[in-house]
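Structure record follows, encoded as structure tokens.
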Amino acid sequence: MNELQFAVRWAALGMNVPPGLADEFAEAAAVIASLEADPIAPVIDALETLSADYQWGKLQLESDGSDLHIHGHASAIETAPVVSDAVRLQLRVEFTSKTPDTELLIGYLHPLKPGRELVPWMPDCLFERMTTTSAHHGIELAIDDWAALWHYTTRALASATAASRLSGAGAGLNDTD
3 MNELQFAVRW AALGMNVPPG LADEFAEAAA VIASLEADPI APVIDALETL
53 SADYQWGKLQ LESDGSDLHI HGHASAIETA PVVSDAVRLQ LRVEFTSKTP
103 DTELLIGYLH PLKPGRELVP WMPDCLFERM TTTSAHHGIE LAIDDWAALW
153 HYTTRALASA TAASRLSGAG AGLNDTD
């Protein structure tokens, strides 16, 4: 899962997705994978629909206290965290235009299902109740799907050069230190 989250986060950063949204996007992909579904297809779809001049932060929201209305078309990468936050606040969400990719939306909303809330930490440093669940486990990904995702991931990584290796830089595509 760590490799998947790394690749998705950097693929998003390579498409100029803001870092916080890239992190949430990577976590949503991991959630989809933990449900034993292929996370690559919705991730690639979301990345491919981003135009080079996509304007982040232009999502039009309107709330009347109990409902949240989302106006205009926005990327699922930007819309899904807003929907997740609204659901957490128990607001009803209405899209007034095209709904973002619902398969990707599942990755953002699944952690909100009943029974997955955090257990409060008690003052005496004991859990009130103990539960153990494993949300992350391995999933097999097709080589071609991985290559498609890696195409976007490498956009955010710099090629290593002799000079960068001598200077100690460690973010290259073929890091040797």
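Numbers in the numbering used here are just positions in the sequence shown, counted from 1, shifted up by 2. Beta carbons: idealized from backbone N, C-alpha and C, even for Gly. All values reported here derive from a predicted model rather than from experimental measurement.
Can residue 14 and residue 30 be called in contact, C-beta distance under 7 angstroms? For the purposes of this step, residue 14 is taken as residue 12 along the sequence shown, with counting starting at 1. For the purposes of this step, residue 30 is taken as residue 28 along the sequence shown, with counting starting at 1. Not a contact, by the Cβ cut-off of 7 angstroms.
Exposure of residue 118, with buried meaning 16 or more beta-carbon neighbours within 10 Å = By one-based count along the sequence shown, residue 118 stands at place 116. At residue 118 the pLDDT is 42, less than 50, meaning the model places this residue with poor confidence; the figure from the coordinates comes in the next sentence. When all chains shown are included, residue 118 counts as exposed.
> Taking the alpha carbon of residue 99 as the point to measure from, which residue in 39, 75, 67, 48 has its own alpha carbon closest?
Replying inline: Within the sequence shown, residue 99 is the residue found at index 97, counting from 1. If we check each option's Cα against that of residue 99, 75 comes out closest.
| request: Report all residues from its chain with a CB closer than 6 angstroms to the CB of residue 34; omit the five preceding and five following residues, and keep chain order. | output: One-based indexing of the sequence shown puts residue 34 at position 32. Here the set comprises 41, 109.
For this session: Within the same chain, show all residues whose beta-carbon is closer than 6 angstroms to that of residue 62, passing over the 5 residues directly before and after it, in chain order.
Result: Numbered from 1 along the sequence shown, position 60 holds the residue referred to as residue 62. The answer, listed in chain order, is 73, 74.
Margin query: Just to confirm, is the Cβ distance from residue 83 to residue 58 under 7 angstroms?
Written below: Taking the sequence shown and counting its residues from 1, the one referred to as residue 83 is at position 81. Taking the sequence shown and counting its residues from 1, the one referred to as residue 58 is at position 56. In this structure, residue 58 does not lie closer than 7 angstroms to residue 83 by Cβ.
Q. Between the region 36 to 52 and the region 143 to 151, do three or more beta carbon pairs fall short of 8 angstroms?
A. Three or more Cβ pairs drawn from the region 36 to 52 and the region 143 to 151 lie within less than 8 angstroms of each other, which places the two stretches in contact.
| task | Give the single residue among 32, 113, 89 whose Cα lies nearest to the Cα of residue 69. | result | Residue numbering aside, residue 69 sits at position 67 when the sequence shown is read from its first letter. For the residues 32, 113, 89, the minimum Cα distance to residue 69 belongs to 89.
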